[in-house]
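So for the sequence shown, UniProt numbering puts the first residue at 1; every next one is plus one.
Idealized CB from N, CA, C, for every residue including glycine.
Remember, predicted model here, so these are calculated numbers, not experimental data.
The next block holds one structure in the form of structure tokens; read it before the comments.
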Amino acid sequence: MARWLPRSTDLTRFCQKLNRVKTLEDDMMETSFNRCLSTIDLTLLGIGGMVGSGLYVLTGTVAKEIAGPAVIVSFIIAGFASLLAALCYAEFGARVPKTGSAYMFTYVSVGEIWAFLIGWNVLLEYMIGGAAVARAWSGYLDSIFNHKIKNFTETHVGAWQVPFLAHYPDFLAAAILLVATAFISFGAKVSSWLNHVFSVISMGVIIFILIMGFVLAQPKNWSTQEGGFAPYGLSGIMAGTATCFYAFVGFDVIAASSEEARNPQRAVPRAIAFSLGLATGAYILVSVVLTLMVPWHTLDPDSALADAFYRRGYAWAGFLVAAGSICAMNTVLLSNLFSLPRIVYAMAEDGLFFQVFSKVHPRTQVPVIGIVVFGLLMALLALIFDLEALVQFLSIGTLLAYTFVAASIIVLRFQQQKGDVPAQAASHGPNPEPHEGPSGSELKEYESFSDKLQLVDRDKSKEQREPGQLKAAFEPYLEFLSDFYPGEVVTVAVVTLMVSAVCLCSILVFGNTHLHLPTWSYSLLLVLFSLGFLLSLLLIWAHEQQHSTQTFQIPLVPLSPALSIILNIYLMLKLSYMTWLRFAVWLLLGLLVYFGYGIWHSKENLREPRPQRVSARYVVFPGGSLEERVQAVQPSSQPATGLPDTDTNDCKR
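Written out as structure tokens, the structure reads:
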């Protein structure tokens with residue numbers, strides 16, 4: 001029976017396949033896409049992805065039901081939390097200007113299976129997100145016409161009472177998705193131009209709302225007579241922060257578009273910073289004017305802005321607000337349809353997804369097949385499915401991607417850069433002849449003992465160390481870590497940090513409610529997991545990181561990514577158990593696709609060298625020492641150059 005069990009070498013090789021990282025090309029600017037997007041184009045794409053219907057609906061909902069006027073503070077905290085994730089995307093987008101966003105970033109630093117699962121979740125996230133926005137767009141337009149479209153459809157087509165299906169087919173939502181798909185297929189420049197039009201209209205409406213809102217503002221609406229500024233206290237502010245955080249999830253469209261940027265090293269970080277700053281400012285200022293125009297407890301959650309203007313005697317302003325809302329939803333639709341096919345293209349180009357989606361149209365220079373196929377799937381979702389139960393799935397996919405990108409930043413920052421090799425001592429002879437030593441390094445010859453002393457002095461005075469190596473100041477205390485390969489300890493510490501963060505957040509979320517832990521065990525577990533998190537962070541910080549780079553770098557590494565990791569995990573654990581159940585089912589489907597197709601067709605799988613036979617060779621040096629080295633025995637059709645085929649032992653005298 002033991003012979004049927006896999007050998008340890010087979011298991012090791014299998015795990016190496018799962019965790020292999022993507023090999024990047026020497027020229028990462030080379031692409032089959034059209035590099036035509038400027039910083040302004042990317043900035044407006046990011047604004048379009050973030051400032052959607054949430055500005056017109058989310059602000060009123062959070063203000064009335066969760067935080068009151070303190071929704072302003074919630075947006076400030078949520079904006080800062082989003083900034084941590086956005087900076088990670090900015091560094092990756094500048095250093096790896098390839099399409100794929102979180103999938104690509106995870107693939108080049110963490111491993112293949114993790115990258116596939118991230119891409120698989122982001123794929124569903126964009127599909128559900130686009131379909132949900134299309135349904136919201138349809139419902140908003142239908143409400144303007146007193147629900148005549150809905151009534152006509154239910155009368156002439158019929159209504160359904162089937163689980164997971166919508167009450168009636170939403171032909172308008174499907175139609176707007178098909179029209180948007182057609183425009184996206186014409187190329188990045190056309191998509192960008194269309195996004196410019198809708199974004200400018202949306203921003204114009206926002207400016208109008210701010211000007212009119214401050215004119216109509218009444219500070220008494222924040223007074224204690226109306227409940228005060230923070231009627232729900234700190235808990236309400238933090239609960240509002242968790243909801244407001246999802247208003248900023250659209251900035252990853254910029255990273256997904258980096259392969260179509262003219263100068264991604266500069267454009268991507270700037271566009272992410274500008275778009276996130278403008279979106280945060282818009283959410284904060286609109287929240288200010290909304291809660292100052294009317295008392296927060298009288299807001300209409302479904303159409304807060306339009307209702308506020310109507311109650312102040314400016315009913316005509318409601319039409320402008322409606323126009324701005326529809327334009328904002330159009331930009332979100334374009335953002336989803338723009339990003340999704342490019343992530344699918346990146347996965348197919350790497351061999352992890354079906355190859356047909358890696359084809360780029362020679363004229364428009366966009367993945368037309370992916371755009372059309374996933375545009376149709378998105379339209380089908382919007383047409384017949386009930387998306388309200390699936391909307392929370394958007395959150396878990398986004399937060400998981402943020403978590404892995406933050407972890408990838410730490411791993412990448414403490415890895416050796418491509419082309420880095422350990423510094424070798426220069427030989428002083430006119431024509432030195434190096435000999436291979438036991439470790440594969442070169443044994444150089446020196447003319448005198450003083451040359452060797454000078455070499456040692458130079459090595460001791462050299463302060464600059466390779467990324468991933470222990471800092472000189474910590475060597476006396478952590479000398480046992482010096483034997484590991486550069487970056488190996490950091491990778492283990494990152495895994496420990498993430499496990500500690502999951503345990504810590506689980507105690508915070510479920511300790512008092514679901515687990516009913518006594519106070520002493522609750523406090524003890526918090527202290528233990530907090531210590532594990534902090535010690536992992538300190539262990540990472542004790543190693544050297546990359547400094548000599550010409551692209552943007554997130555400050556305060558590893559602290560900034562670690563804060564992003566623990567925040568994202570905390571928000572994920574706050575989601576409902578049904579969301580986690582659906583997430584697990586989707587992950588299982590993804591694993592079937594990966595092990596059935598991706599792992600066999602991966603381009604990294606084709607790059608792996610085939611195992612070869614090895615034989616031992618012995619070299620006898622003049623001093624009489626014996627050294628064994630292993631050399632691959634090449635096939636008889638390709639004899640090893642410079643060595644007789646029949647020799648098995650060489651004697652050098």
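Runs of the beta strand (DSSP E) lying entirely within the segment 209-296, each at least 3 residues long, are absent.
Per the coordinates, the alpha-carbon of L591 lies some 57 Å from the alpha-carbon of Q225.
DSSP, read as helix, strand or coil, puts F480 in helix. Judged by their CB atoms, M293 and A136 are not nearer to each other than the 8 Å cut-off. F533 carries a helical assignment under DSSP once its states are collapsed to helix, strand and coil.
DSSP, read as helix, strand or coil, puts F309 in helix. Straight-line spacing of the CA atoms in Y485 and T491 works out to 11 Å.
Assigned with DSSP and collapsed to three states, H196 falls in helix. By the criterion of a C-beta distance shorter than 6 Å, R342 is surrounded in its chain by T99, A256, once the five residues flanking it on both sides are discounted.
In the assembly as shown, H297 is an exposed residue. Its beta-carbon has fewer than 16 other beta-carbons within 10 Å.
As DSSP reads the structure, H543 sits in a beta bridge with L470.
With respect to I72, S258 sits apart: the two C-beta atoms are not nearer than 8 Å. Along the segment 334-407, the alpha helix (DSSP H) occurs as fully enclosed runs of 4 or more residues at 368-384, listed in sequence order. By the Cβ-count criterion, T23 is exposed, with fewer than 16 other Cβ atoms from all chains shown falling within 10 Å of its own Cβ. Taking 8 Å as the upper bound for CB-CB distance, A173 and L45 are not in contact here, some 22 Å apart.
If you draw a straight line from the Cα of G130 to the Cα of L340, it comes to about 10 Å.
The Cβ atoms of I569 and I410 lie no closer than 8 Å to each other. Boundaries for G158: no alpha helix (DSSP H) harbours it, and the DSSP string shows neither H nor E there. By the Cβ test, the segment 370-385 is not in contact with the segment 146-157, since fewer than three Cβ pairs between them sit closer than 8 Å. One thing to note: A63 has its Cβ within 8 Å of the Cβ of T291. Boundaries of the alpha helix (DSSP H) harbouring W586: 577-593, taken from the DSSP string. By the CB criterion at 8 Å, Y283 and F105 fall outside the cutoff. L517 sits in coil when the DSSP states are folded into three classes, being neither helix nor strand. Around the beta carbon of N19, fewer than 16 other beta carbons sit within 10 angstroms, so the residue counts as exposed. In the structure shown, L37 falls within a strand segment according to DSSP collapsed to helix, strand and coil.
For the 8 Å CB-CB criterion, T43 and F251 do not form a contact. Scanning its chain for C-beta atoms nearer than 7 Å, with the 5 sequence neighbours on each side dropped, one finds around I77 the residues T241, in chain order. Using a Cβ-Cβ distance cut-off of 8 Å, the segment 362-374 and the segment 217-233 are not in contact, since fewer than three pairs of beta carbons, one from each stretch, lie closer than that value.
The alpha-carbon separation between N34 and P264 amounts to approximately 13 Å. Bridge partners of L165 according to DSSP: F385. In the three-state reduction of the DSSP assignment, P561 falls in the helix class. Exposure of H147 is indicated by the presence of fewer than 16 other C-beta atoms within 10 angstroms of its C-beta. In this structure, L497 lies near S536, with their beta-carbon atoms less than 8 Å apart. When rounded, the separation of the alpha-carbon atoms in E112 and T243 is 32 Å. Bounds of any alpha helix (DSSP H) do not take in T551, whose DSSP letter is neither H nor E. In chain order, D142, Y168 place their CB closer than 7 Å to the CB of K150, counting only its own chain and leaving out the 5 sequence neighbours on each side.
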